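In the numbering used here, the protein residues as written are -15 to 415. We put the CB at the ideal spot given by N, CA and C, even for glycine. On a predicted model such as this, the values are computed, not experimentally measured, just so you know.
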Ligand SMILES: [Zn+2]
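Written out as structure tokens, the structure reads:
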């Protein structure tokens, strides 16, 4: 489902109508707090065991959870917190035994496969945690996801008797275009486009690395726009200032890395989303372009890419894969046990087969993740290089649409994609 289409309602309503507690496993603390605030306003009891709660408060909620008829309807928790908090697991087991654990909801389920391996590893290992609660229904909700990911998600969560519900998501007001970058950094390409099409409008420019965000913001400011850089090295305070200014239209452009600026952004009048560098997957590209035009007015999704982007992203994938495999190996308990045994008694015999098993398993996991990322990149490059098929048709087909008509973006003549525009111009010239 798209952002804003009512994903939360899919589990909040059943949670309110059912007896017992629904546990929502969701990646972002800030969003969890926001949802709890809204539910509390409606008189629905919701809670999260975040780090800043005192022991006294946590004890009070633990007692509430283990009482005969718990009043809490929704419990929000990040995957990391769920894994680390033993009293919470104990309380959930008590709820399960008393048949008061209504459902587990995995929010942003695309994170399990898409980023779980090397970004939020606890998302990738949720199945191990949920194994202890087999028998409790699981609901996984996600944004649009591509071929294979849905099946991988279901397999990961061991959801064998699954029912899948999807909804169409053709955003008729979004105008897609892809162009080869004329400059290496893309700064001039972005300014020229903004200057010609949306000079005083609100927009987002997604950049590859943090340094690219800084350079892009500096360059756009120099050219006379009001731009802010936004990534994980910018302090919380400066990020909040940048976002507030952008929300109030005192800053026109946010130049961001995709991980930093995304979930929870709901500005309605974003007139353009520019990618100054090749996104690494159709999922990411679709999610980020979807932040344009929430108010329904025509908005632009511009992608500037170069052939060399693919090689640079492949190198980056190799780097993160090596790092993830090394970290998996160094965190493996069977290896640590063998090492500590060898240190304690140097003459003891090391179990080398346990070590090689652990290394093989980490390697296979890393290879699977790398292969998937390379495939994603290949699909993205193909999307960029295609000059015939309608961009929206390609996106809808990728995300599982069948029998999508060739003229899917024609109904809104102001927002037809570059490929359809080209085809229309060629047809007009022939006539
Ligand atoms: Zn089209």
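A distance below 8 Å between beta-carbons, with the five flanking residues on each side excluded, links residue 254 to the following residues of its chain, in chain order: 186, 187, 188, 275, 276, 277, 278, 283. With fewer than 16 other Cβ atoms from the protein chains shown falling within 10 Å of its own Cβ, residue 243 counts as exposed. Any heavy atom of ligand 1 counts here; residues with a Cβ closer than 6 Å to one of them, in chain order, are 374, 375, 376, 393, 400, 401, 403, 404.
Around the C-beta of residue 395, fewer than 16 other C-beta atoms lie within 10 Å, and the residue is accordingly described as exposed. Going by DSSP, residue 158 is part of the beta strand (DSSP E) stretching over 158 to 164. Counting only runs of at least 4 residues, the segment 284 to 317 fully encloses the following alpha helix (DSSP H) elements, listed from N- to C-terminal order: 291 to 315.
Straight across, the Cα-Cα distance linking residue 200 with residue 310 is about 34 Å.
In this structure, residue 349 sits away from residue 301, with a CB-CB distance that is not shorter than 7 Å. Residue 124: member of the beta strand (DSSP E) spanning 122 to 124, first to last residue. Look at the segment -11 to 68 and you find these whole runs of alpha helix (DSSP H), each 4 residues long or longer: -9 to 1, 13 to 25, 39 to 50, 63 to 68. Counting C-beta atoms within 10 angstroms of its own C-beta, residue 280 has fewer than 16 neighbours from the protein chains shown and is therefore classed as exposed. For residue 362, the closest C-alpha among the options 263, 383, 169 is that of 263. DSSP places residue 211 in the strand class (E or B) of the three-state scheme.
Per DSSP, reduced to three states, the secondary structure at residue 132 is coil, with no helix or strand assignment. The three-state reading of DSSP puts residue 386 in coil, since its state is none of H, G, I, E or B. In this structure, the straight-line span from the alpha carbon of residue 127 to that of residue 331 is close to 55 Å.
Closest in C-alpha terms to residue 390, from the list 378, 215, 208, 383, comes 378. Judged by beta-carbon spacing, residue 287 lies beyond the 7 Å limit of residue 237, meaning their Cβ atoms are not closer than that value.
A residue is called buried when at least 16 other Cβ atoms come within 10 angstroms of its Cβ; residue 144 does not meet this threshold and is exposed. DSSP links residue 186 through a beta bridge to 254. By the criterion of a C-beta distance shorter than 7 Å, residue 215 is surrounded in its chain by 194, 197, 240, 241, 244, once the five residues flanking it on both sides are discounted.
Contact between residue 272 and residue 190 holds, since their C-beta atoms are separated by about 6 Å, short of 8 Å.
Separation of residue 94 and residue 19 (C-alpha to C-alpha, rounded to the nearest whole angstrom) is 20 Å. In the three-state DSSP reduction, residue 282 falls in the coil class, being neither helix nor strand. Taking the Cα of residue 335 as reference, the smallest distance to any Cα among 318, 52, 290 is reached at 318.
For a cut-off of 8 Å, the C-beta gap from residue 7 to residue 84 is around 11 Å, too long to register as a contact. Boundaries of the beta strand (DSSP E) around residue 85: 85 to 90. When the Cα atoms are used, residue 401 and residue 374 turn out to be separated by approximately 7 Å. Residue 239 is bridged by DSSP to 189, 213. With distances taken between CA atoms, residue 384 lies nearest to 153 out of 153, 260, 293, 414. Minimum Cα-Cα distance from residue 30 among the listed residues 40, 48, 39 corresponds to 48. With fewer than 16 other beta carbons inside 10 angstroms of its own, residue 121 counts as exposed.
Going by beta carbons, residue 322 and residue 339 fall inside the 7 Å limit.
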